[in-house]
Each structure stands twice: as structure tokens, then as C-alpha cells.
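Residue numbers (the numbering used here): 592 to 728.
Just so it is clear, CB atoms sit at the ideal spot from N, CA and C, and this is done for glycine as well.
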């Protein structure tokens, strides 16, 4: 699994559209996130004000080129990896469910790689591919 994920991360183009990401079976939630009082559950407020709740045993932080934990309420209370931690610790078994926090190229590439090997993946971010050309969004 690790070799496949590393290969996909290297080859996936960051100019994928959100529609292309969704067509790969990845849920995309553009909004503000906070962990809830329930363990391993995250609440996302979408741009239109709709509240969505998602849950996972694993959360991967992909919010920029240097792995840094964002200021998300409740993050310190749940187990999470940065994308570097994730790639180093990637188990031989595919996680059934994975939430990727961050919609930049690294987060999108990691989400696509894990979806291709069978994980049910959701991306949570204020915007997806925010710095890319308009065609990528």
C-alpha cells in the first residue's frame, strides 16, 4: 500500500478539479471544521451555513507544504498525523475511513491515493486547491 500511495502522490496533478476529485469517490467538504465533544467526530460548517458531521478513526493534517497542526477546536484531544507522519507510518492494511484536513495539492493527492486503494475518504477544508488556477477549482 505504501509504495502505491507514494507513487500516486508523486504523479497526481494538482490541477485536478473538485468534480474530478469527487468522481474518484472522495467526499469534499469546503467549510470550517471543529472536533465535537464525541471522540473522533468532526463538525463542518459549510459556506452556505449547513452543518455536517463526519467521523473517522484517523485524521490526516494536510494544510500546507510544511506539516503544521492548524488551530482546530478539539484537535489536541484526538489522534492525528501530519502527511509526513502518515506516509512514514502507513500500515500495510488500508484504513477503511480517512478524513484529510486540508485541500491543497498535498491533501488532495493523499486523498486520491487512499481512495484508489479502497479507503472511504473525505477532504475537509475551507476551500479545495485554493492557490491553483481557476480551472482546478
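Beta carbon of residue i nearer than 8 Å to that of residue j
{"i": "residue 706", "j": "residue 615", "result": "yes"}
{"i": "residue 617", "j": "residue 703", "result": "yes"}
{"i": "residue 634", "j": "residue 663", "result": "no"}
{"i": "residue 701", "j": "residue 674", "result": "yes"}
{"i": "residue 626", "j": "residue 666", "result": "yes"}
{"i": "residue 681", "j": "residue 699", "result": "no"}
{"i": "residue 793", "j": "residue 694", "result": "Residue 793 lies beyond the residue range present for the chain, which begins at 592 and ends at 728; the question has no answer from this structure."}
Candidates the options, of which the one nearest residue i by Cα
{"i": "residue 718", "options": "691, 704, 679, 649", "result": "691"}
{"i": "residue 679", "options": "696, 651, 699", "result": "651"}
{"i": "residue 647", "options": "672, 641, 639, 621", "result": "672"}
{"i": "residue 622", "options": "661, 642, 631", "result": "642"}
{"i": "residue 687", "options": "712, 695, 676", "result": "712"}
{"i": "residue 685", "options": "716, 720, 649, 714", "result": "649"}
{"i": "residue 668", "options": "709, 631, 708", "result": "631"}
{"i": "residue 628", "options": "612, 645, 676, 714", "result": "645"}
Nearest-angstrom Cβ-Cβ length linking residue i and residue j, presumed shorter than 8 Å
{"i": "residue 653", "j": "residue 619", "result": "So it is not a contact: roughly 13 Å between Cβ atoms."}
Residues bridged to residue i [DSSP beta-bridge criterion]
{"i": "residue 688", "result": "711"}
{"i": "residue 623", "result": "636"}
{"i": "residue 651", "result": "672, 691"}
{"i": "residue 697", "result": "In the DSSP output, where bridge partners are listed per residue, residue 697 has none listed."}
Three-state secondary structure assigned by DSSP to residue i
{"i": "residue 637", "result": "strand"}
{"i": "residue 718", "result": "coil"}
{"i": "residue 642", "result": "strand"}
Distance cut-off 7 Å: residue i Cβ against heavy atoms of the ligand PLP
{"i": "residue 627", "result": "With respect to small molecules bound, the structure shown includes none, and the ligand PLP cannot be examined in it."}
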